[in-house]
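Student: Can you read through this structure? Questions will come right after.
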Amino acid sequence: MAAGTITIFGGSGFIGRYVVARLADSGWTIRVAVRRPERAKFLKPLGNVGQVVPIACSVRDQASVEAAVAGSDAAINLVGILFQQGRQRFDAVQAEGAERVAAAAAAAGIGRFVQVSAIGADEKSPSAYGRSKAAGEAAVRRHLPGAAIVRPSIVFGPEDDFFNRFAAMARLSPVLPLIGGGKTRFQPVYVGDVADAVVAALDGPREGAPGGGRTFELGGPKVHSFKELMELMLRIVRRKRLLLPLPFGLASLMALPAELLPVPPLTRDQVELLKRDNVVSPGAEGLEAFGIHPHSLEVILPTYLDRYRPGGRFMEHLPHGM
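Written out as structure tokens, the structure reads:
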């Protein structure tokens with residue numbers, strides 16, 4: 031894959047920083063298209079001087095999207111939100127925004143394009159999040175039939191919003207909720223593996239290369255229930271907490287006032303998402319299509335959750351009495 035100029039929409043997010051690092055190592059010149067470029071400056075040291083350039087762009091603004099892709103050889107759309115607030119609505123960002131990006135890329139003659147979606151993208155999903163993700167995929171296919179679509183399950187890594195959130199809760203609360211009884215199944219996938227797959231998916235379309243016109247579902251080596259994930263997290267942080275089953279109906283009621291917070295810990299739409307398993311579909315192409323061997327959750331989690339242990343990461347290495 032000959033490196034050139036690539037535009038990454040939403041490149042300053044959790045997955046984006048890993049994608050940027052890999053592309054920089056491969057010699058790409060990278061435009062990181064984000065709403066607040068000053069918050070993406072931390073990405074610049076990942077490349078050489080001038081190799082990683084944050085630029086101002088909103089996927090809700092046509093002119094800024096067109097300017098972001100002008101002259102680029104490839105593009106990746108990583109933009110997504112976990113909850114709605116103000117003008118940031120699922121449809122506006124994940125459906126209409128994806129279409130705006132794909133249409134601009136097609137008009138600019140970009141042949142390499144990757145849309146990062148999510149397992150759970152379904153036009154019939156009970157969740158507005160899932161429906162908007164499906165609408166975004168469909169829009170990309172209309173404008174760029176050769177685009178690759180990547181759907182990860184829940185993504186874990188040092189900056190994740192899942193295990194870090196519950197580990198932080200375990201520091202303070204004697205009880206952790208198991209929404210729906212904790213039976214929902216997940217197939218957690220390591221962020222580094224996702225980034226590798228996203229970059230590999232750019233290498234198409236051509237015969238024998240994974241990428242163009244195909245959809246990939248990315249999951250780790252094991253499927254876990256929500257309850258099992260909480261038990262694993264608690265073992266790693268060495269804390270005993272009561273895992274309290276919480277019916278979906280009661281969880282929705284509790285989410286209603288939580289949605290008024292600037293960063294809600296739970297929304298009603300997320301409760302709807304939890305009613306369906308989040309695992310790779312039988313027969314779907316996944317990490318193996320790129321020759322990627324997924325990292326184990328049990329190996330990676332202790333490398334960053336150990337800071338939530340009583341006394342912190344290094345307490346067990348201190349001499350007794352300190």
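Quick note on this note's numbering: the sequence shown kicks off at 31 and runs consecutively. A virtual CB, placed ideally from N, CA and C, is assigned to each residue, including glycine.
Does DSSP classify residue 117 as helix, strand or coil?
Tutor: coil
Student: Run through DSSP, which three-state label would residue 45 get?
Tutor: It is helical.
Student: How far does the beta strand (DSSP E) with residue 178 in it extend, from its first residue to its last?
Tutor: 178-182
Student: In the DSSP assignment, find the unbroken alpha helix (DSSP H) run with residue 221 in it and report its ends.
Tutor: The continuous alpha helix (DSSP H) containing residue 221 extends over residues 221-231.
Student: Taking residue 127 as the reference, give the member of 138, 145, 139 with the closest Cα.
Tutor: 145
Student: Candidates 344, 323, 242, 302: which alpha carbon is nearest residue 150's?
Tutor: Closest by alpha carbon: 302.
Student: Sorted by chain position, which residues of the same chain lie with C-beta nearer than 6 Å to residue 52's C-beta, five sequence neighbours on each side aside?
Tutor: 225, 229
Student: Taking the runs of the alpha helix (DSSP H) that are 4 residues or longer, which of them lie wholly in the segment 143-208?
Tutor: 158-173, 193-202
Student: For a test of the three-state rule: what should DSSP assign to residue 332, helix, strand or coil?
Tutor: If DSSP states are grouped into helix, strand and coil, residue 332 belongs with the helices.
Student: Could you check the C-alpha separation between residue 291 and residue 90 for me, to the nearest Å?
Tutor: 24 Å
Student: Output the distance between the C-alpha atoms of residue 43 and residue 64, rounded to the nearest integer angstrom.
Tutor: 9 Å
Student: Does the segment 260-274 come within contact of the segment 241-248, defined as at least 3 CB pairs closer than 8 Å?
Tutor: By the C-beta criterion, the segment 260-274 is judged not to be in contact with the segment 241-248, since fewer than 3 inter-stretch pairs fall below 8 Å.
Student: Give a yes or no on whether the C-beta atoms belonging to residue 108 and residue 160 are separated by under 8 Å.
Tutor: no
Student: Alpha helix (DSSP H) containing residue 283: first to last residue?
Tutor: 278-288
Student: Measure the CB-CB distance between residue 309 and residue 216 and report whether it falls below 8 Å.
Tutor: yes
Student: Could you tell me which residues DSSP pairs with residue 84 in its beta bridges?
Tutor: 62
Student: Look at the alpha carbon of residue 317 and the alpha carbon of residue 323, and state the distance between them as a whole number of angstroms.
Tutor: 7 Å
Student: What's the gap between the Cα of residue 80 and the Cα of residue 254?
Tutor: One C-alpha to the other measures close to 43 Å.
Student: Could you say if the segment 129-141 and the segment 105-119 meet the contact criterion of at least three C-beta pairs nearer than 8 Å?
Tutor: yes
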